[in-house]
Each structure stands twice: as C-alpha cells, then as structure tokens.
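So the sequence shown is numbered by the working numbering: it starts at 722 and just counts up by one. Structure first, then comments.
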Amino acid sequence: MKQFKKKIVLSGVVLSTMLALRANDNLKLGIVPQPNEVKLTADVGDIQKSFVMNKNNPTVIIYDIKQKELKNVAQYLKKFIENSPYDVKVIIFERGAGICKKWSDKTNFINLSIKPLCGCLRYPEQYHLSVNNNKAIEISAPSANGVFYGVQTLLQLMPTDIYKKSAEKVSKDIIINAVEIKDKPLFTKFRGLHVDFSRHFRTLEETKQIIDWMAMHKLNTLQMHLTDDQGWRIEIKKYPKLTTVGGIGDNSHKHKGEAKFFTQEQLKEIIAYAKSRYIKIIPEIDIPGHMEAAIRAYPELASPSDLRATKKVIRIDDKGFEFVKDVLTEVDELFSPEYIHVGFDEINLGSKKPIYDNKQITEFGRKVTNFIKNDLKKTPIVWDDAFEKGLDNDKEILVHWWRTGKNHWWRKMEMTIDQKLQKYNQPYINSNAAFIYFDMKNVKEDKRGAGWAKPISVAEIYNHDIFADLKDYDVKKRILAQGTIAATWSESIDTMAEFEKRVFPRLAAFSENAWALPKSMAKGNKPTWIQYRDNILIPKQLERYKAMNLRYWGDAQKITELKSLKKYNK
722 MKQFKKKIVL SGVVLSTMLA LRANDNLKLG IVPQPNEVKL TADVGDIQKS
772 FVMNKNNPTV IIYDIKQKEL KNVAQYLKKF IENSPYDVKV IIFERGAGIC
822 KKWSDKTNFI NLSIKPLCGC LRYPEQYHLS VNNNKAIEIS APSANGVFYG
872 VQTLLQLMPT DIYKKSAEKV SKDIIINAVE IKDKPLFTKF RGLHVDFSRH
922 FRTLEETKQI IDWMAMHKLN TLQMHLTDDQ GWRIEIKKYP KLTTVGGIGD
972 NSHKHKGEAK FFTQEQLKEI IAYAKSRYIK IIPEIDIPGH MEAAIRAYPE
1022 LASPSDLRAT KKVIRIDDKG FEFVKDVLTE VDELFSPEYI HVGFDEINLG
1072 SKKPIYDNKQ ITEFGRKVTN FIKNDLKKTP IVWDDAFEKG LDNDKEILVH
1122 WWRTGKNHWW RKMEMTIDQK LQKYNQPYIN SNAAFIYFDM KNVKEDKRGA
1172 GWAKPISVAE IYNHDIFADL KDYDVKKRIL AQGTIAATWS ESIDTMAEFE
1222 KRVFPRLAAF SENAWALPKS MAKGNKPTWI QYRDNILIPK QLERYKAMNL
1272 RYWGDAQKIT ELKSLKKYNK
C-alpha cells in the first residue's frame, strides 16, 4: 500500500476496566451523559461550599494566551451565560498577554487549560472538572475538544434556566455545587446523529440548531444524508441541474415546489459552525441506488438495466463512474472530510429483476472506494449492504451497520451482519436499526413514525447494551466498533416539531450509549432504567429541554408508564 493510505486504527472504544463511580453522586446531579467519575465534595445545596455567580461577583474566564484554541471555548461559555436570563457579569481574560490585572476579592474564576492527562494520546476528549468553594472552577483536558465537553458538563451543573434564552434579566444567583469530575467517552471517533435532508429538508438555521443540540449531548459527528430519490440537496457546480431540477420536491410534495438545497457557501457556513462545536461532518452521497433525483436532472445517468418507469439506479460504466468521481471530488474539496459515505444500499429494492448482481455491485464498490482512498486520500464508508454482497475484505473501508437479524426484506442471509462483522474482523459504525433509528415510533400508540420496524422507546434505548446485544458477542472483537450514530430518516419527519418529537428524549439515552460505559463494562455501576428515569431524565434533562422550548415526545407520566413493559426494567 502507498504510504498516504491510512489504516483504520482500531481505537474507537475505550477498553477501560476502571470502576465507574458515577452511579450514586450523579443521581443527585443529573449530568447527561453520565460521567465516568463523579465525587460530590459538599452536600447538594450547601451554598457556603458552592460556587456562586451573580451581578455582584464578576466571573472571569481565564485561559493561557499560548492556548489560542481555547478562545472559542471561552467565548462559547461567555455567550451561553449572557444569553440566559441571569444578570451576571462575565469577562474573558488571556493569561500571559502582558496585561497586569488586579481582581477584587469577590471575583470568581473559571480556569480553562489544555494539559496532559492520563492516556491523553488515546483519549483527547477526556476532561477533569473541579468546582470548589474558594471561588474557582478548573476545567482541564488534553485538547480544546475535551475542555468544551467539560464546559457542557459545567452548564448542566447550573440551574436549568441557564438553557433559556432571554433578553430580560433577573437578579438570581447561579449556584454550582462543589464537585470533582473525571470523564472520558466510550467512543472517540463517532458519537453521532444522522440527519436525512433529502426526504424533508432542514434549513441552514435549523441545521445549526441541531448542531447545538448535539453539542449539549457531547456528540462529535453529524452525518449529512444529502442525496436520495426525493431530492438532491448539495450544490455541485459541474452539474447545476442536480439542484435546480433534482432539488425540487420532497417526500410530501413529489416533484413540486421550489428547489430546496444547500449552496456550497451555505455548507461552508455549516461546516464552520459545526467545527466551532467540535463536531465533524460526514457527507453522504448515496450511490448507485437512491438516485432518482439525479436521474430526473440528467436522464442519461440512468442504468440501462433499470427497467422501471421511474428509474432510481445510475449506470456503473465509465460514464457513470466519471459522474461519481466528479461529484465526490467537489464534495471532498468542499468538506475536506476525513470520511466520505457513499451508501451502496438497497440497489435492487423495488425492482422485479436485479438491476445489478452482487459481483457487479462489489466491483463498482471497489472502484469507488479505491478512488476515495487513492485519489482523495480519505476513508470510505458504505452501508452494510455492500459488505454483505461481497465488499468484505477491505479493512480500510468502514462498514455502516444498520440491519439486524437474518431477514432482509424478501430473503434470508446466511448470518447476521453483526456476526459477519466479527467473523471478518471488519471495522464498523453501529447504527443498529432495532435500537437507534429515530424515525420509528416511540411507542406503538404514536400516530406517526416508520412502520417497517418495531417502536423504540427511550427506555429501550437506555437499556440497550451496544456490545452485549451483538449476536454471538465476542468481547475480544468490541475494538472493531468505531462508534455509533443514531439515524433520523425523514420520510415521515416533515417539520422541525416532528423532528424534535422523534429525537428527544431518545437522544439523551443514546448519548449514554455513545459516551458512558455500557452495562456489560460498568461492573454493576450503571443506574437502572428506573433510577435513571426518576433521578436524571425526568427531573433534570426534561427540565433542560423545557427551558430550551424543545418539543420532546411524551411527558413525565408517559415516560413513567414505560415501566409496564417489563423488558425495559432489566
């Protein structure tokens, strides 16, 4: 292999045997996702030993001028507090800038610093947070990312009204309990949310809002599903009709209305905004199937083997390959991503006769993924369909697993995808549709939601063990898991209100799977669903959601009633 080709480093999961200390003390604090170690150093509510912010006690956020990357974190924290209803004074100060400053005895300090911590090379997102009663908060981490996650925890230690945005101020104290927290994520590469922009579009501002919600839950990856049958949502300058024609319509209005898509300038804005929240973006261009929108724009792209009146699969000859290369080259130049997702799923779905056989799919898959590796020098991602059909011996490809069981639509597979991934030692991303496809109903009584799989409640997601629930789980193979991404396919998610109902509060439980140790690794220290529900989710996280005006699913009563489903209480 050429030197510039990257080997996928199998370090996506923290294989820690450290005893998780979060269970008892975090039940009092309600941090989501639950930290690895939480130690209260004073009773909850003990104001004399708490960090208190108000308009009479200015708070100074300090970082070293040599650590310029912390400027963004400091500005984020300052703006977050200033946008809340609290009337407090917040100042940013760069230590070492040659300015001598004498602070009053009433001044509070929040010190941000980048410094080595144990295992920092492997876990750059870990952080230490210390709140004490001598008017100081310390947040340290090996990277700005880690400091940012420490800030997210700090915000959750504040009263829930900190999440309200208000120009009107109130003279109330922000009281932060004295505590010591040491934390690091289970998965370092992918803790993500997949958003389907094709079936129903999300605007620039809505996308930024989604990114902020992700940051709150310590997620680090946004997968943007930008193309599908219903609409092409990314501007490609070499093929302008992809958006002017292919961008018309959605799942509710087929081929009708104005074209909806992101210009490249808008995408640059989204990329920059995500970067400021320490979130990387995986662009997904689904090929060679799910291409009805592209074929509407350029009919000559249609596969001669697709005999349907409405063609959805592109040709895979030289002409088709040139189109793919042109599109992916522009995508790469725009996003500069580490990973490019090219789909390769459901190519023959809905066709009476196979459009391409497994050999053709695999050969074209190798051409496309080799182009991504060799020419674009990026890591390709494919849905597990391609892996199952023969693209199964390349460890430089990441397989995106979604299908559970041996039944796939109209036929049976020899083994489940998770069995095969472990057998072939294939690195993968977990998007197990049985647990983290948020387009499904929350409960069967819901009026809206995808109907091809069972409902998925917040309780079931919380109890999902991302390793132990694998078929024929081999503890030695869990290092293959590079991370997890929850999916929001948007066929039935037509508005932001509906998006919020599908995502929340399930995202809270999902973030536990992505960040905190699962039950099989937590050595008995992961709170039960009932403990989590009654101490963290309902009294803490739902209150934060209310402060944010999030239109989440259900209410305290509905969530409590989930206990009637016995399997959720394990």
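Here a beta-carbon is modelled for each residue, glycine too, at the ideal position from N, C-alpha and C.
Query                                                                                                        : Result
Exposure of R1265, with buried meaning 16 or more beta-carbon neighbours within 10 Å                         : buried
Length of the line joining the Cα atoms of F814 and L875                                                     : 19 Å
Paired residues, beta bridge with D949 - DSSP                                                                : G952
Residues bridged to A862 (per DSSP)                                                                          : I835
Closer than 8 Å to chain B by CB, I1257                                                                      : In the displayed structure, chain B is absent; only one protein chain is listed.
Whole-angstrom distance between P1176 and G1170, CA atom to CA atom                                          : 8 Å
Backbone secondary structure at Y1266 - three-state DSSP                                                     : helix
Inter-stretch contact at 8 Å, needing at least 3 Cβ pairs: the segment 967 to 974 / the segment 1021 to 1034 : no
T1205 vs I1150 beta-carbon contact at 8 Å                                                                    : yes
As assigned by DSSP and simplified to three states, the class of M774                                        : strand
Top-ranked residue by Cα proximity to Y1183, from Q1147, A1174 and L1228                                     : L1228
Check whether I802 and V794 have beta carbons under 8 Å apart                                                : no
Closest Cα partner of L1049 within the set I1102, A1023, I1068 and K886                                      : I1102
Whether T1137 touches L1112 by CB criterion (8 Å)                                                            : no
DSSP state of D1139 mapped onto helix, strand, coil                                                          : helix
Span of the beta strand (DSSP E), counted from its first residue to its last, around K1001                   : K1001 to I1008
C-alpha distance - E1005 paired with N777, whole-angstrom precision                                          : 50 Å
Alpha helix (DSSP H) runs wholly inside the segment 1206 to 1246, at least 4 long, in chain order            : 1217 to 1224 and 1227 to 1236
Pair within 8 Å by beta-carbon distance, V916 and S1232                                                      : no
S1057 burial status per 10 Å Cβ neighbour count (16 or more: buried)                                         : exposed
Which of helix, strand or coil DSSP assigns to N829                                                          : strand
Exposed unless 16 or more other CB atoms sit within 10 angstroms - verdict on S1024                          : buried
CA-to-CA distance, D826 to G913, given in whole angstroms                                                    : 43 Å
Residue interval of the beta strand (DSSP E) (run including R1254)                                           : Looking at the DSSP string, R1254 is not in any beta strand (DSSP E), and its letter there is neither H nor E.
Alpha helix (DSSP H) runs wholly inside the segment 1030 to 1066, at least 4 long, in chain order            : 1039 to 1056
Runs of beta strand (DSSP E) wholly within the segment 1073 to 1118 (minimum 3 residues, chain order)        : 1100 to 1104
Contact check, Q1143 vs L748, beta carbons under 8 Å                                                         : no
Rounded C-alpha distance that separates I1187 from P1239                                                     : 7 Å
Start-to-end residues for the alpha helix (DSSP H) that takes in L844                                        : According to the sequence displayed, residue 844 carries Tyr and not Leu. Where Y844 is concerned, there is no enclosing alpha helix (DSSP H), given that its DSSP letter is neither H nor E.
Rounded C-alpha distance that separates E1067 from A1015                                                     : 16 Å
Simplified DSSP assignment, three categories, for R816                                                       : strand
Where I768 falls, given that 16 or more other Cβ within 10 Å makes a residue buried                          : exposed
Which residues DSSP lists as bridging W1122, in chain order                                                  : N1151
Alpha-carbon spacing of N963 relative to L947, whole angstroms                                               : Reading off the sequence shown, one finds Leu at residue 963, where the question assumed Asn. Those two C-alpha atoms are separated by around 12 Å.
Secondary structure of L1271, DSSP reduced to three states                                                   : coil
Element boundaries [alpha helix (DSSP H), containing I683]                                                   : Here the chain covers residues 722 to 1291 and nothing more, so residue 683 does not appear.
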